[in-house]
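Here the protein sequences come in this chain order: A and B.
Reminder that position 173 of the first sequence reads as 173 in the working numbering, one-by-one numbering, no gaps.
Residues are numbered in the working numbering as their position in the second sequence, beginning at 1, plus a constant of 395.
Glycine included, every Cβ here is placed at the ideal spot set by N, Cα and C.
Here's the structure we're looking at; comments come further down.
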Amino acid sequence: MSAPPLTRGLLGTGDPSLAAHVAAHGPLPHGGHPTSFVGDLTGRGGAGFPTARKLHAVAEAARAAGTPAVVVGNGGEGEPAAAKDATLLARSPHLVLDGLQLAARAVGADTVVLAAAHSQLGGLDRALAERGDRGRVRLVGLPDRFLAGEETALVAAVDGGPSLPRGKVPPVWQRGVRGRPTLVQNVETLARLALLARGDDAAGHTLVTRHTAGRVDVAEVPLGARLADVLPLAPGTQAVLVGGYHGSWLPPAVAADLTLERSALASVGASLGAGVLAALPADRCGVRETASVLAYLAAQSAGQCGPCLNGLPRIAAALELLARPGPRRPGLLADLERWAGLVVGRGACTHPDGSVRLVASALRVFTPELAEHAAGRCTAAPGAPAFLPVPGGAR
Amino acid sequence: MSERLRVDRIACTGHGACADLLPEAVALDEWGYPLLAAGELPRELHRPARRAVAACPARALLLERTGVRQPLPGRLTGSTQGRSAQ
Ligand SMILES: Cc1cc2nc3c(=O)[nH]c(=O)nc-3n(C[C@H](O)[C@H](O)[C@H](O)COP(=O)(O)O)c2cc1C
Ligand code: SF4
Ligand code: SF4
Numbered sequence: 001m002s003a004p005p006l007t008r009g010l011l012g013t014g015d016p017s018l019a020a021h022v023a024a025h026g027p028l029p030h031g032g033h034p035t036s037f038v039g040d041l042t043g044r045g046g047a048g049f050p051t052a053r054k055l056h057a058v059a060e061a062a063r064a065a066g067t068p069a070v071v072v073g074n075g076g077e078g079e080p081a082a083a084k085d086a087t088l089l090a091r092s093p094h095l096v097l098d099g100l101q102l103a104a105r106a107v108g109a110d111t112v113v114l115a116a117a118h119s120q121l122g123g124l125d126r127a128l129a130e131r132g133d134r135g136r137v138r139l140v141g142l143p144d145r146f147l148a149g150e151e152t153a154l155v156a157a158v159d160g161g162p163s164l165p166r167g168k169v170p171p172v173w174q175r176g177v178r179g180r181p182t183l184v185q186n187v188e189t190l191a192r193l194a195l196l197a198r199g200d201d202a203a204g205h206t207l208v209t210r211h212t213a214g215r216v217d218v219a220e221v222p223l224g225a226r227l228a229d230v231l232p233l234a235p236g237t238q239a240v241l242v243g244g245y246h247g248s249w250l251p252p253a254v255a256a257d258l259t260l261e262r263s264a265l266a267s268v269g270a271s272l273g274a275g276v277l278a279a280l281p282a283d284r285c286g287v288r289e290t291a292s293v294l295a296y297l298a299a300q301s302a303g304q305c306g307p308c309l310n311g312l313p314r315i316a317a318a319l320e321l322l323a324r325p326g327p328r329r330p331g332l333l334a335d336l337e338r339w340a341g342l343v344v345g346r347g348a349c350t351h352p353d354g355s356v357r358l359v360a361s362a363l364r365v366f367t368p369e370l371a372e373h374a375a376g377r378c379t380a381a382p383g384a385p386a387f388l389p390v391p392g393g394a395r
Numbered sequence: 396m397s398e399r400l401r402v403d404r405i406a407c408t409g410h411g412a413c414a415d416l417l418p419e420a421v422a423l424d425e426w427g428y429p430l431l432a433a434g435e436l437p438r439e440l441h442r443p444a445r446r447a448v449a450a451c452p453a454r455a456l457l458l459e460r461t462g463v464r465q466p467l468p469g470r471l472t473g474s475t476q477g478r479s480a481q
């Protein structure tokens, strides 16, 4: 590959204008089919799916159906601990818009949509106006909900309905927006495609949102980097959350030497997910944090599927009991494990599966803390504020 | 021909008719929602499975040919075709 070894970066200088974009990256090359440079780029919306395969599947489905495809850029970022997509859209909207243009070319789309939080739409509309693309890209505002970015909920919102998952059959790449083959791609994936088109080795980097004591920021890091070199692990760090609220807690000793590559994370049951990395400080309680997150996740369930509707609130309630120091009801842990088993794989979307992944990792990693709680003690400093952000302040 | 059961989790209202009619392959969880036996449906259950599919008041129980993620065409499941499901 002739690509230079280092990416020029997704986050730019902070000037979102078209002039700054062209000065930094040059114009988008006209020729070249995206399938020739997409390479091994993987999706940055959570599932890490190879982008080349999606481009191919949607292009084929559109050909078979004899209708033009639809492309939707997914900038909803419902994950409360993540800020990378919002940062990208605010700082480098033209990379995302370039990526949308390329994706539309790749799949033969005549309809291009960019969906993002309502607060982002003003800046995106200005960027579209600068490029003379207002008529070519439709902006759709998404509600501030965890599930809004799930691809079937996203398609429902683009179609003007309520933002609710509708089940994975038929898949959106076959029947999505207005029943047409639809490519849903995370906005970071699209921005990386725009750099790849310019011969930049953008597939080897990723955006992360980092949480340490007293600090949250977004950074672009190489996938081959050691986690401890990306996320400062202060002395006393109790655990590292990798991936976000559908992610996994890892013991710091396990996390430190991992690289962010898919296979390395998979070897310890983790994945980069929404790009969240959080180092739980010494004076917080991992069980308390997980209980607060689960209360939020249970409340965010669309309430459409029986197991999710019944299971997540019970799981959240059990965690809340475990988070309180003091004697615990016999059988509580057994109930929790049974309920976790009953929701996995039994929803129309993977919200229950992701939520249970977080709980299971917490029960593994915070076993000593659970024993402390059973003995009436807790690691958290009294009155310490929540470490992980939970909208509505569920506590 | 191999067939497999699937539940449209959004449509399913937990009536439990499926578990009554096809206890060999469907049990109910503690909230009344179906748990399906893993894997392909044994041949001798194809006929009772069709009856259970037809009896589901929410049209949430689906019988699929394995390898093809589409409801079987035909009278029993035709009404669910094109409907979003999981
Ligand atoms: C509960 C849930 C929430 C999701 N939220 C988002 C989101 O906010 N943004 C996003 O890009 N993808 C989100 N996804 C993933 C999308 O469904 C989809 O896989 C992704 O946008 C595809 O783009 P990619 O291949 O570029 O990653 C979510 C998935 C689930 C199951
Ligand atoms: S699994 Fe839960 S969150 Fe997903 S669609 Fe069903 S009820 Fe909604
Ligand atoms: S009969 Fe239908 S609605 Fe009732 S539990 Fe079975 S699948 Fe669900």
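Rounded straight-line distance, which links the Cα of residue j to that of residue i
{"i": "Thr472 of chain B", "j": "Arg460 of chain B", "result": "Per-residue confidence for Thr472 of chain B stands at a pLDDT of 31, beneath the threshold of 50, marking its modelled position as unreliable; the derived number appears in the next sentence. Going from the Cα of Thr472 of chain B to the Cα of Arg460 of chain B covers about 12 angstroms."}
{"i": "Val242 of chain A", "j": "His118 of chain A", "result": "27 angstroms"}
{"i": "Ala256 of chain A", "j": "Ala23 of chain A", "result": "38 angstroms"}
{"i": "Asp318 of chain A", "j": "Ala270 of chain A", "result": "For the record, residue 318 of chain A in the displayed sequence is Ala; it is not Asp. Cα to Cα, Ala318 of chain A sits roughly 24 angstroms from Ala270 of chain A."}
{"i": "Pro368 of chain A", "j": "Thr379 of chain A", "result": "10 angstroms"}
{"i": "Leu294 of chain A", "j": "Pro452 of chain B", "result": "33 angstroms"}
{"i": "Gly161 of chain A", "j": "Thr42 of chain A", "result": "29 angstroms"}
{"i": "Arg445 of chain B", "j": "His410 of chain B", "result": "17 angstroms"}
{"i": "Ala480 of chain B", "j": "Ala69 of chain A", "result": "Bear in mind that the predicted position of Ala480 of chain B carries a pLDDT of just 34, short of 50, making it too unreliable to give a figure here."}
{"i": "Gly149 of chain A", "j": "Val158 of chain A", "result": "11 angstroms"}
{"i": "Glu398 of chain B", "j": "Gly247 of chain A", "result": "34 angstroms"}
{"i": "Glu79 of chain A", "j": "Pro437 of chain B", "result": "42 angstroms"}
{"i": "Ala375 of chain A", "j": "Arg145 of chain A", "result": "37 angstroms"}
{"i": "Leu196 of chain A", "j": "Gln101 of chain A", "result": "13 angstroms"}
{"i": "Pro181 of chain A", "j": "Asp201 of chain A", "result": "29 angstroms"}
{"i": "Val230 of chain A", "j": "Val221 of chain A", "result": "7 angstroms"}
{"i": "Arg105 of chain A", "j": "Ile315 of chain A", "result": "45 angstroms"}
{"i": "Val240 of chain A", "j": "Asp283 of chain A", "result": "14 angstroms"}
Residue i: CB within 6 angstroms of a non-hydrogen atom of ligand 1
{"i": "Cys451 of chain B", "result": "no"}
{"i": "Cys349 of chain A", "result": "yes"}
{"i": "Gln101 of chain A", "result": "no"}
{"i": "Val197 of chain A", "result": "A small correction: the amino acid at residue 197 of chain A is Ala; Val does not occupy that position in the sequence shown. Outside the cutoff, so no."}
{"i": "Val208 of chain A", "result": "no"}
{"i": "Thr189 of chain A", "result": "yes"}
Min CB distance residue i to chain B below 7 angstroms
{"i": "Ala348 of chain A", "result": "yes"}
{"i": "Leu342 of chain A", "result": "yes"}
{"i": "Gly122 of chain A", "result": "no"}
{"i": "Gly167 of chain A", "result": "yes"}
{"i": "Pro162 of chain A", "result": "no"}
{"i": "Asn310 of chain A", "result": "yes"}
{"i": "Pro307 of chain A", "result": "yes"}
{"i": "Gln300 of chain A", "result": "no"}
{"i": "Gln174 of chain A", "result": "no"}
{"i": "Gln101 of chain A", "result": "no"}
{"i": "Gln238 of chain A", "result": "no"}
{"i": "Gln185 of chain A", "result": "no"}
Under 7 angstroms between C-beta atoms of residue i and residue j
{"i": "Ala116 of chain A", "j": "His94 of chain A", "result": "no"}
{"i": "Leu227 of chain A", "j": "Gly99 of chain A", "result": "no"}
{"i": "Val268 of chain A", "j": "Phe366 of chain A", "result": "no"}
{"i": "His351 of chain A", "j": "Arg198 of chain A", "result": "no"}
{"i": "Ala191 of chain A", "j": "Leu10 of chain A", "result": "yes"}
{"i": "Pro165 of chain A", "j": "Ala153 of chain A", "result": "yes"}
{"i": "Gly39 of chain A", "j": "Ala203 of chain A", "result": "yes"}
{"i": "Val390 of chain A", "j": "Ser292 of chain A", "result": "yes"}
Any non-hydrogen atom of ligand 3 within 6 angstroms of residue i CB
{"i": "Val343 of chain A", "result": "no"}
{"i": "Gly409 of chain B", "result": "yes"}
{"i": "Ser285 of chain A", "result": "Looking at the sequence itself, residue 285 of chain A is Cys, so the reference to Ser does not match. Checking every heavy atom of ligand 3 against the Cβ of Cys285 of chain A, none is found closer than 6 angstroms."}
{"i": "Leu341 of chain B", "result": "Since the displayed chain B opens at 396 and closes at 481, residue 341 of chain B lies outside it and no answer follows."}
Ligand 2 heavy atom lying under 6 angstroms from the CB of residue i
{"i": "Ser301 of chain A", "result": "yes"}
{"i": "Pro165 of chain A", "result": "yes"}
is_contact[residue i, chain A] using C-beta, thresh 7 angstroms
{"i": "Gly434 of chain B", "result": "no"}
{"i": "Asp424 of chain B", "result": "yes"}
{"i": "Arg404 of chain B", "result": "yes"}
{"i": "Gly411 of chain B", "result": "no"}
{"i": "Pro468 of chain B", "result": "At Pro468 of chain B, the pLDDT of 37 sits below 50, so the modelled position is not reliable; the number obtained from the coordinates is stated separately. Cβ-Cβ to chain A under 7 angstroms: no for Pro468 of chain B."}
{"i": "Thr475 of chain B", "result": "Its pLDDT being 31, under 50, Thr475 of chain B is placed unreliably in this model, and the coordinates cannot settle the point."}
Q. Three or more beta-carbon pairs under 8 angstroms between the segment 176 to 189 of chain A and the segment 72 to 79 of chain A, yes or no?
A. yes
Q. Would the segment 208 to 219 of chain A and the segment 272 to 282 of chain A be scored as touching if the rule is three or more Cβ pairs under 8 angstroms?
A. yes
Q.
Three or more C-beta pairs under 8 angstroms: does that hold for the segment 259 to 266 of chain A against the segment 313 to 333 of chain A?
A. no
Q: Determine contact between the segment 30 to 47 of chain A and the segment 167 to 181 of chain A, defined as no fewer than three beta-carbon pairs at a distance below 8 angstroms.
A: no
(Q) Assess contact between the segment 305 to 315 of chain A and the segment 425 to 432 of chain B, defined as three or more Cβ pairs (one per stretch) separated by less than 8 angstroms. Is contact present? (A) yes
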